[in-house]
Structures are given as C-alpha cells and as structure tokens.
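A.B. asks: First the structure, then my questions, so here it is.
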Amino acid sequence: MGFTSMTIRGMKAALLATSMTTSLLTAAKADEMTTLKINRSPVGTFQGLFIAEEQGYFAERGIKLDIHVGASPDGALAELMSGTSDLAMTGAVPLVAGVANGLPVVATLNTQEQGTLPTMGLLAPADGGIKNIEDLRGKKIGLPGITSPQGLALLLELEKFGMTADDVELVNLPFPGVLSAIESGAVDAGVPAGLFYNLGVQSGMTVFPEVFENLHRSPAVLFAANKMWAQENADIIVKFNEAMLLAYEYGNANPDDIRRIDAEKTKMPASFIETRDIAPFVGEFGVSEWNLQNEDMIKFGFLPRVPEPSEYIWSGAPTK
Numbered sequence: 002m003g004f005t006s007m008t009i010r011g012m013k014a015a016l017l018a019t020s021m022t023t024s025l026l027t028a029a030k031a032d033e034m035t036t037l038k039i040n041r042s043p044v045g046t047f048q049g050l051f052i053a054e055e056q057g058y059f060a061e062r063g064i065k066l067d068i069h070v071g072a073s074p075d076g077a078l079a080e081l082m083s084g085t086s087d088l089a090m091t092g093a094v095p096l097v098a099g100v101a102n103g104l105p106v107v108a109t110l111n112t113q114e115q116g117t118l119p120t121m122g123l124l125a126p127a128d129g130g131i132k133n134i135e136d137l138r139g140k141k142i143g144l145p146g147i148t149s150p151q152g153l154a155l156l157l158e159l160e161k162f163g164m165t166a167d168d169v170e171l172v173n174l175p176f177p178g179v180l181s182a183i184e185s186g187a188v189d190a191g192v193p194a195g196l197f198y199n200l201g202v203q204s205g206m207t208v209f210p211e212v213f214e215n216l217h218r219s220p221a222v223l224f225a226a227n228k229m230w231a232q233e234n235a236d237i238i239v240k241f242n243e244a245m246l247l248a249y250e251y252g253n254a255n256p257d258d259i260r261r262i263d264a265e266k267t268k269m270p271a272s273f274i275e276t277r278d279i280a281p282f283v284g285e286f287g288v289s290e291w292n293l294q295n296e297d298m299i300k301f302g303f304l305p306r307v308p309e310p311s312e313y314i315w316s317g318a319p320t321k
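Right, here's the structure in full:
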C-alpha cells in the first residue's frame with residue numbers, strides 16, 4: 002500500500018511533534034541540573050573530577066561542573082568567600098589557619114592524605130652545593146605558601162638542626178612556580194607539591210626525604226566550601242561526595258585513566274606521566290592525625306589557637 006501526500010504530511014507532523022517534545026524534555030532535564038563552580042588544584046589529585054564526569058556519576062545525581070584551575074590554597078579560600086567558587090581544592094594547613102582566624106570555611110571531602118608515598122618534599126639542584134639541611138642557612142627556599150604543609154614540614158626539619166625561619170629566606174610562590182624557581186636559580190631550594198614534586202625528583206634533583214617524613218597523615222589536598230553555602234546546600238554536597246567517592250574507587254583501580262587525564266589536563270612531559278608514582282585517592286578525613294598537625298602549627302605561629310575539628314570539618318564529611 003502506497004503513502005499519499007496527506008499521509009506523508011501527517012507523518013512529518015508527528016515526527017516534528019515528537020522531536021519538539023523530546024527537545025522540551027531534554028531542556029527540562031537540563032534545567033534540573035545543578036551547576037557547581039569548582040576550583041581545582043593545579044598540583045594533582047584533581048583527576049577524580051573528570052572521572053566522575055566521564056563515568057556519569059555526576060549526571061546521575063543531577064550535577065554538572067564548571068571547572069577552573071586554581072593558583073594557590075589561599076586563593077582557593079578567597080574564592081569561596083567571594084562566591085567565585087562553590088567548592089575549592091585547598092590545603093589542610095591554610096584551611097585550619099583561616100578557621101582559627103575567623104574565616105567561615107569547612108572541609109567537605111578529602112582527596113589524598115600524606116602517607117607512605119611522598120606528595121611533597123625539599124628539593125635542591127644536584128649541582129647547587131646544598132648537600133644537607135645545614136647548608137640551607139642563609140639560602141632562599143621557595144614554598145607554595147609559607148603557611149602550608151610544605152612550610153610546616155620545612156620548619157620542623159630546620160628545628161632539628163637548631164635553625165628557625167630567621168636563618169633562611171622563605172619565598173612565597175604559586176604552586177607551579179616552586180619547581181621552575183629552583184630550576185632557574187631564583188631560589189636555592191624549594192618544597193614543591195604534587196606532580197611538581199614528582200617531576201623534580203624524576204629530573205635528578207637532590208632530594209631530602211626527611212622533610213616529608215615530618216608530616217602526619219593529614220590531608221594533602223581537600224575540597225572545601227563556604228560554611229554558610231555548605232549549610233544551605235548540604236544535599237548537593239552529599240551528592241557531590243557520593244560521585245567523587247565512586248570516582249576515587251574507579252581511579253584507584255584504573256591508574257591508566259589517571260595517566261590519560263594527566264596527559265589531557267597538564268603540560269607535564271609524557272615520559273614523566275607514564276612512569277610517575279600515583280598516590281591513592283582517600284575520601285575520609287583522619288581526624289586525630291589532622292589534629293596532631295594542627296598542634297605542630299602552634300609552634301611556628303601558624304595558628305592563634307587549635308580549633309575543634311567540628312569547626313573546620315563539615316558535619317556531613319566522611320571521617321575515620
């Protein structure tokens with residue numbers, strides 16, 4: 002049986018109506034998605050964000066991300082206060098220091114903890130004449146924030162040799178700038194973090210592993226939020242954390258995907274990405290170990306007081 006022109010026009014009209022209905026449903030579904038503005042770390046541990054996007058973990062929970070690369074832990078906290086970011090990746094030391102000084106921010110999810118695999122450390126040029134800690138006296142040392150885990154670990158090591166911050170010149174640098182400053186000679190040594198530390202080690206720089214060993218198993222990098230925003234958006238943070246914990250599990254089981262994301266999202270050399278050590282993702286906060294680090298911070302004036310964990314860890318965050 003053939004189709005008449007009227008039948009064809011009817012079919013076209015039906016298809017058009019179906020297409021319009023589908024488009025409206027798609028638009029309605031898009032309107033239901035919550036967009037989160039994310040400041041992601043430039044030093045690593047950010048890969049879970051992209052895994053969760055690729056695997057559909059965020060979409061399943063009605064979340065989409067607007068991601069930008071942050072410059073520093075302090076800058077991340079500033080973005081939370083200004084509303085530029087909803088969630089930002091920052092460090093445990095600057096976050097607690099901010100809270101102790103009245104900044105209303107809370108940690109919502111861990112990404113990695115200081116563990117057996119070094120995520121930062123003191124590096125110096127192999128031919129720069131710095132062979133031991135005492136050789137640092139009078140030298141310039143680059144740090145990604147002086148009030149930072151890197152700054153704390155360095156000062157603890159100097160203390161063992163009867164030295165203080167007054168015996169060296171501490172230079173505050175952006176995360177990517179620490180390694181390049183060592184390479185260029187702008188500083189005599191430095192304490193890079195994350196991928197930049199790993200790259201410096203692989204390039205043959207002199208490594209002082211004892212500096213990293215000063216740290217407790219506190220968070221290396223974490224997600225944080227403005228306290229008021231967290232109170233008003235608790236359900237969204239719960240969904241975000243669910244998606245990220247699934248991404249952590251996936252990433253820990255699939256290191257090749259971590260390397261692929263490194264290659265796509267960083268400018269690190271391919272040879273480094275292919276062989277670098279990958280520290281596992283950890284979502285929970287080790288509260289007691291973190292508190293021990295806070296007590297160390299009092300020694301060097303990083304904190305006016307040690308705040309209670311409930312002041313700087315969001316009530317819905319996973320802990321252990």
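Here the sequence shown is numbered in the working numbering, starting from 2 and rising by one per residue.
Just so you know, even glycine gets a beta-carbon here, dropped at the ideal spot from N, CA and C.
Here the structure is a predicted model, which is why all the values come from computation and not from measurement.
Within 10 angstroms of the Cβ of L144, are there 16 or more other Cβ atoms? Answer buried if so, exposed if not.
C.D. replies: One-based indexing of the sequence shown puts residue 144 at position 143. It is buried - the Cβ of L144 has at least 16 other Cβ atoms within 10 Å.
A.B. asks: Just checking, does the region 163-183 make contact with the region 107-121 on the three C-beta pairs under 8 Å criterion?
C.D. replies: With the cut-off at 8 Å, the region 163-183 and the region 107-121 do not touch.
A.B. asks: Can you list, in chain order, the stretches of the alpha helix (DSSP H) that have 4 or more residues and sit fully within the region 22-81?
C.D. replies: Fully enclosed alpha helix (DSSP H) runs of 4 or longer: 48-55.
A.B. asks: Can you look up V106 in the DSSP assignment and give me helix, strand or coil?
C.D. replies: One-based indexing of the sequence shown puts residue 106 at position 105. Three-state result, V106: strand.
A.B. asks: Just to confirm the assignment, what range does the beta strand (DSSP E) spanning N255 have?
C.D. replies: Position 254 of the sequence shown, counted from the first residue, corresponds to residue 255. It is not in any beta strand (DSSP E) - N255 carries neither H nor E in the DSSP assignment.
A.B. asks: Expressed to the nearest angstrom, what Euclidean distance is found between the alpha-carbon atoms of P126 and D189?
C.D. replies: Reading the sequence shown from its first residue, position 125 is the one you call residue 126. Reading the sequence shown from its first residue, position 188 is the one you call residue 189. Each residue's Cα considered, the two are about 8 Å apart.
A.B. asks: Taking all protein chains shown into account, decide if I299 is buried (16 or more other Cβ within 10 angstroms of its Cβ) or exposed.
C.D. replies: Residue numbering aside, residue 299 sits at position 298 when the sequence shown is read from its first letter. Looking at its Cβ environment, which holds fewer than 16 other Cβ atoms inside 10 Å, I299 is exposed.
A.B. asks: Cα-Cα, which of G178, P43, G317, G99 is closest to D236?
C.D. replies: For the purposes of this step, residue 236 is identified with residue 235 of the sequence shown, where counting begins at 1. Cα-wise, what sits closest to D236 is G317.
A.B. asks: To the nearest whole angstrom, what separates the beta carbons of M46 and A221, a pair I think is in contact under 8 Å?
C.D. replies: The count along the sequence shown starts at 1 and reaches residue 46 at position 45. The count along the sequence shown starts at 1 and reaches residue 221 at position 220. Correcting the residue type first, residue 46 is Thr in the shown sequence and not Met. 7 Å between Cβ atoms; contact.
A.B. asks: Are the CB atoms of A98 and A226 within a distance shorter than 9 Å?
C.D. replies: The residue you call residue 226 lines up with position 225 of the sequence shown. The residue you call residue 98 lines up with position 97 of the sequence shown. Not a contact, by the Cβ cut-off of 9 Å.
A.B. asks: If you drop the 5 nearest sequence neighbours on each side, which residues of the same chain put their C-beta closer than 7 Å to that of E114?
C.D. replies: Taking the sequence shown and counting its residues from 1, the one referred to as residue 114 is at position 113. Cβ neighbours of E114 beyond the five flanking positions: R218, S219, P220, A221, V283, G287.
A.B. asks: What does a CB cutoff of less than 8 Å around T276 pick up in its chain, not counting 5 residues either side in sequence?
C.D. replies: Along the sequence shown, read from residue 1 onward, the residue named residue 276 stands at position 275. Excluding sequence neighbours, T276 sits near Q203.
A.B. asks: With a threshold of 6 Å on Cβ separation, who are the neighbours of L180 within its own chain once the five nearest residues in sequence on each side are excluded?
C.D. replies: Taking the sequence shown and counting its residues from 1, the one referred to as residue 180 is at position 179. Result list for L180: P193, F197, G201, in chain order.
A.B. asks: Consult DSSP for Q115 and reduce its assignment to one of helix, strand or coil.
C.D. replies: Walking along the sequence shown from the start, residue 115 turns up at place 114. Three-state DSSP puts Q115 in coil, outside helix and strand.
A.B. asks: Assuming P105 and K228 make a contact with CB atoms under 8 Å, what is their CB distance in whole Å?
C.D. replies: The residue you call residue 105 lines up with position 104 of the sequence shown. The residue you call residue 228 lines up with position 227 of the sequence shown. Going by Cβ atoms, the distance from P105 to K228 rounds to 4 Å, so yes, they are a contact pair.
A.B. asks: Alpha carbon to alpha carbon, how far is F301 from P210? Give it in angstroms, no decimals.
C.D. replies: Residue 210 sits at position 209 when you count from the first residue of the sequence shown. Residue 301 sits at position 300 when you count from the first residue of the sequence shown. Those two C-alpha atoms are separated by around 21 Å.
A.B. asks: Just curious, the beta strand (DSSP E) that I142 is in, first and last residue?
C.D. replies: By 1-based counting over the sequence shown, the position of residue 142 is 141. 141-144 is the span of the beta strand (DSSP E), which, as asked, contains I142.
A.B. asks: For K77, which option in R62, A53, F51, K38 has the closest C-alpha, if you only look at C-alpha atoms?
C.D. replies: Here the question's residue 77 lines up with position 76 in the sequence shown. Checking the sequence shown, residue 77 turns out to be Ala, not Lys. Ranking R62, A53, F51, K38 by Cα distance to A77 puts K38 first.
A.B. asks: If you reduce the DSSP assignment to three classes, tell me which class A221 lands in.
C.D. replies: Within the sequence shown, residue 221 is the residue found at index 220, counting from 1. Note: A221 maps to strand in three-state DSSP.
A.B. asks: Along the alpha helix (DSSP H) that carries E296, what are the first and last residues, could you check?
C.D. replies: Working through the sequence shown from its first residue, we reach residue 296 at position 295. From DSSP, the alpha helix (DSSP H) with E296 extends over 288-300.
A.B. asks: Please state if the CB of I147 and the CB of L110 are separated by a distance shorter than 9 Å.
C.D. replies: Position 109 of the sequence shown, counted from the first residue, corresponds to residue 110. Position 146 of the sequence shown, counted from the first residue, corresponds to residue 147. For L110 and I147, no; Cβs fall outside 9 Å.
A.B. asks: I'd like the list of long-range same chain contacts for S86, defined as Cβ closer than 6 Å, with 5 residues on each side in sequence excluded.
C.D. replies: Counted from its first residue, the sequence shown places residue 86 at position 85. Result list for S86: K38, N40, E80, in chain order.
A.B. asks: If you draw a straight line from the C-alpha of W291 to the C-alpha of K141, how long is it?
C.D. replies: Translated into the one-based positions of the sequence shown, residue 291 becomes position 290. Translated into the one-based positions of the sequence shown, residue 141 becomes position 140. So the alpha carbons of these two residues sit roughly 29 Å apart.
A.B. asks: State the DSSP-derived secondary structure class of T91, mapped to helix, strand or coil.
C.D. replies: Working through the sequence shown from its first residue, we reach residue 91 at position 90. In the structure shown, T91 sits in a strand (DSSP, three-state: E or B).
A.B. asks: For F162, is the classification buried or exposed, using 16 other Cβ atoms within 10 angstroms of its Cβ as the cut-off for buried?
C.D. replies: Walking along the sequence shown from the start, residue 162 turns up at place 161. F162 is exposed by the Cβ-count criterion.
A.B. asks: Give a yes or no on whether the C-beta atoms belonging to A248 and W315 are separated by under 9 Å.
C.D. replies: Position 247 of the sequence shown, counted from the start, is the residue given in the question as residue 248. Position 314 of the sequence shown, counted from the start, is the residue given in the question as residue 315. It is not a contact, given that the beta carbons lie outside the stated cut-off.
A.B. asks: Buried or exposed for E265, please, with buried defined as at least 16 other CB atoms from any protein chain shown within 10 angstroms of its CB.
C.D. replies: Stepping through the sequence shown from its first residue, residue 265 is reached at position 264. So E265 counts as exposed.
A.B. asks: For M324 versus A108, is the C-beta distance shorter than 9 Å?
C.D. replies: This structure cannot settle anything about residue 324, because the visible part of the chain is limited to 2 through 321.
A.B. asks: Do A154 and F213 have their C-beta atoms closer together than 9 Å?
C.D. replies: Taking the first residue of the sequence shown as position 1, residue 154 is located at position 153. Taking the first residue of the sequence shown as position 1, residue 213 is located at position 212. Contact flag set, yes.
A.B. asks: DSSP three-state call for T85: helix, strand or coil?
C.D. replies: Taking the sequence shown and counting its residues from 1, the one referred to as residue 85 is at position 84. Three-state result, T85: coil.
A.B. asks: Would P150 and A93 be called neighbours here (beta carbons separated by less than 9 Å)?
C.D. replies: Here the question's residue 150 lines up with position 149 in the sequence shown. Here the question's residue 93 lines up with position 92 in the sequence shown. In contact: P150 and A93 (Cβ atoms closer than 9 Å).
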